[in-house]
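Here is the structure we will look at.
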Ligand SMILES: [Mn+2]
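In the numbering used here, the protein residues as written are 16 to 325.
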């Protein structure tokens, strides 16, 4: 089945964020830098406004849009879960995965696996680049740097590790961005488009549906510059509608405030009492306020592991 002379496509997850696109792009640049020209970064979905802005700012075309990866040799970056993979993955030859999330491969056995729980996949790509002495121009370094800053919330997310900081420093030796905090704020603003979306679109923009021991719940992540202004009642109503159509134990929306570093958690579903018990906090008007909570992966998902793993 495998044809080694065939092109190898590098693809991030569906509903891609900047890290998913930039890590695919960066991996192609890495491969070119070590003399392997059969690799091509692609995207399987439309990109967000921030990603568009970053690639435009640094005069770089976005990776080619290829929605179906059937029959291709592929490298998956920034995801492993089947539900995040591009259409047609069942008929693709997945030769490699590079990611910083939980791993769910089950059905596939790639030849090469790089998984490390760091702040962004692009940090793992940058590490490969610097380890192998691959040279980057300023535009490429700026794109990779932007992705790490976005995925680590300006190096302030609890998922951030030393590697992310090191890679930001090394990339910024080339990118020469003066104030990284200021620049991170500009990046966040570029994706703060929530007020233009309907409640349903807000819920679906970055939705993860998770099952633990037969218990289904969903968590939508909404990263804002100000989480107090979004119309919470409408979002809760839409969650109720969705939960009537397909009942889950819980449906949640994380309204994360990137500046204040907190989260308003909106929630519907029959297991609200379990959530109240574990957090020792009452859900009032379908909402919880969680100071210092910004990470779905590191701070929210573990709560449900605890609730449902028993
Ligand atoms: Mn990522």
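Glycine residues also receive a C-beta, built at the ideal position from the N, C-alpha and C atoms. Remember, predicted model here, so these are calculated numbers, not experimental data.
Does DSSP put residue i in a helix, in a strand, or in coil?
i	result
residue 107	coil
residue 296	coil
residue 88	strand
residue 58	strand
residue 102	strand
residue 184	helix
residue 49	coil
residue 73	coil
residue 93	coil
residue 16	Residue placement at residue 16 is flagged as unreliable, the pLDDT there being 48, under the threshold of 50; the coordinate-derived value follows with that caveat. The answer is coil: DSSP assigns residue 16 none of H, G, I, E or B.
residue 83	strand
residue 32	coil
Going by C-alpha to C-alpha distance, which of the options sits closest to residue i?
i	options	result
residue 101	42, 128, 35 and 63	35
residue 121	109, 131, 115 and 132	109
residue 303	293, 280, 287 and 310	280
residue 275	288, 307 and 21	307
residue 89	230, 27, 226 and 169	27
residue 133	319, 181 and 213	181
residue 117	92, 103 and 105	92
residue 125	135, 113, 193 and 136	113
residue 149	189, 254 and 164	189
residue 177	256, 138 and 282	138
residue 69	50, 156 and 293	156
residue 238	96, 220 and 144	220
residue 315	79, 65, 45 and 265	265
residue 54	128, 79 and 162	79
Using the Cβ count rule (16 or more neighbours within 10 Å means buried), how would you classify residue i?
i	result
residue 284	buried
residue 242	buried
residue 14	Any question about residue 14 goes unanswered here, given that the chain covers just 16 to 325.
residue 323	buried
residue 1	Because the chain here runs from 16 to 325, residue 1 falls outside it and cannot be looked at.
residue 311	buried
residue 32	buried
residue 24	buried
residue 16	The pLDDT assigned to residue 16 is 48, lower than 50, so where the model puts this residue is not dependable; a value taken from the coordinates is nonetheless given after this. Result: exposed.
residue 42	buried
Distance cutoff 8 Å, beta carbons only. Does residue i sit that close to anything in chain C?
i	result
residue 135	The chain labelled as chain C is not found in the depicted structure, where only one protein chain is given.
> Unbroken alpha helix (DSSP H) runs of length 4 or more, entirely within the stretch 119-153: which are they?
Replying inline: 136-146
> Which whole runs of the beta strand (DSSP E) in the stretch 189-238 are 3 residues long or more, in chain order?
Replying inline: 222-227
> Considering only residues of the stretch 236-307, which uninterrupted alpha helix (DSSP H) runs meet the minimum length of 4 residues and lie entirely inside it, listed in chain order?
Replying inline: 247-260 and 287-294
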